[in-house]
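Residue numbers (the UniProt record's numbering): 1 to 303.
Below you'll find the structure, written out as structure tokens, and then a few comments.
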């Protein structure tokens, strides 16, 4: 499989703030990868370095094996808040953006109708952009980003600012684009990651702290937990588990007791069952579960 994007040891500092620290990851042709992290983690800075809007202080970025200006022709870019001239129509904007990217008139005449139909803007293409909804502007932003058939499409928080209807429209459009190009998008919304892609790079304070398929990430990093609910004072129950080598942590969430344990589930289960019986409490719920992607993510970015 061809490697279309490689980010190697990239760092960026703004005055006294280290925005990105030695970030490295790569995308193979046809992949759809999310750059996932909380606001301020460095996601946008990484994307801007990839599209050559800002220069890294160190490290290198290769697109389709190229490091010079030719690599820009391989990139499609959707900023978080795409701006267009409101007095232009959708067709006008695509002609304008296409010419800026070096496409000739014949190519634009053939390509623009295809792209407008693909993003679902064909009926609205002759209306002024000032009349467009947020979702329509975002779809027009995607249209300009794919106009020149890029090898990799870079999108910064493509749905975070949209209402539910606009969000659904853009997510479905992104799903359809997976069949024709390589995608990298940033987000802080876990639901988008789980719905759109299979692989995620988690970023915390400018560092890539995880890079794997979602299923592997959860399987490797998810902690096992017993979840219990009881009526009455549970302090004696917790006291019986205190000091047990297999019980790592006892937490309280959403009206339940979460008991995190180490490697030996059987030993932990036996200790918990003994404490349950000895407590004399009325237990309304006892279950064993594995952390979700959200819980894994929150733990990783809060370390």
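By construction, the Cβ of each residue, glycine as well, lies at the ideal position given by its N, Cα and C atoms.
CA-CA distance, residue 164 to residue 224, rounds to 33 Å. Scanning 276, 150, 301 for the CA closest to the CA of residue 4 turns up 150. When the five nearest sequence neighbours on each side are left out, the beta carbons in the same chain lying within less than 6 Å of the beta carbon of residue 211 are those of 25, 201, in order along the chain. Residue burial is scored here from C-beta neighbours: residue 82 has at least 16 other C-beta atoms within 10 angstroms and is therefore classed as buried. Under the rule that a run must span 4 or more residues, no alpha helix (DSSP H) segment is found entirely inside the stretch 4 to 43. Contact annotation: the stretch 24 to 40 touches the stretch 178 to 197, with at least three C-beta pairs closer than 8 Å. In the same chain as residue 252, and ignoring 5 residues on each side of it, the C-beta atoms closer than 8 Å to its own belong to 258, in chain order. Residue 176: member of the alpha helix (DSSP H) spanning 164 to 177, first to last residue. Counting only runs that start and end inside the stretch 200 to 262, the alpha helix (DSSP H) elements of at least 4 residues fall at 214 to 221, 235 to 241. Taking the Cβ atoms as the reference, residue 227 lies roughly 19 Å from residue 278, outside the contact range of under 8 Å.
DSSP places residue 76 within a strand segment (E or B) once states are collapsed to three.
For residue 125, same chain residues with a beta-carbon under 7 Å away, outside a window of 5 residues either side, are 89, 90, 91, 116 in chain order.
Burial of residue 138 is indicated by the presence of at least 16 other C-beta atoms within 10 angstroms of its C-beta. Straight across, the Cα-Cα distance linking residue 192 with residue 169 is about 13 Å.
The three-state secondary structure of residue 59, taken from DSSP, is strand. About 22 Å separates the beta carbons of residue 79 and residue 11, which is beyond the 8 Å limit, so they are not a contact pair.
In chain order, 202, 204, 209, 210, 221 place their CB closer than 8 Å to the CB of residue 300, counting only its own chain and leaving out the 5 sequence neighbours on each side. Taking the Cα positions, residue 38 is about 10 Å away from residue 206. A Cβ-Cβ contact shorter than 8 Å links residue 93 with residue 144.
Nearest to residue 294 by C-alpha distance, out of 194, 230, 74, 61, is 194. In the DSSP assignment, residue 283 is bridged to 230. With 16 or more neighbouring CB atoms inside 10 Å of its own CB, residue 135 falls in the buried class. About 6 Å separates the beta carbon of residue 44 from that of residue 156, a gap short enough to meet the 8 Å contact definition. Looking at the DSSP output, residue 288 sits in a beta bridge with 226.
Comparing C-alpha distances from residue 101 to each of 18, 21, 84, 75 shows the shortest one belongs to 75. Straight-line measurement puts the Cα of residue 160 at about 35 Å from the Cα of residue 106.
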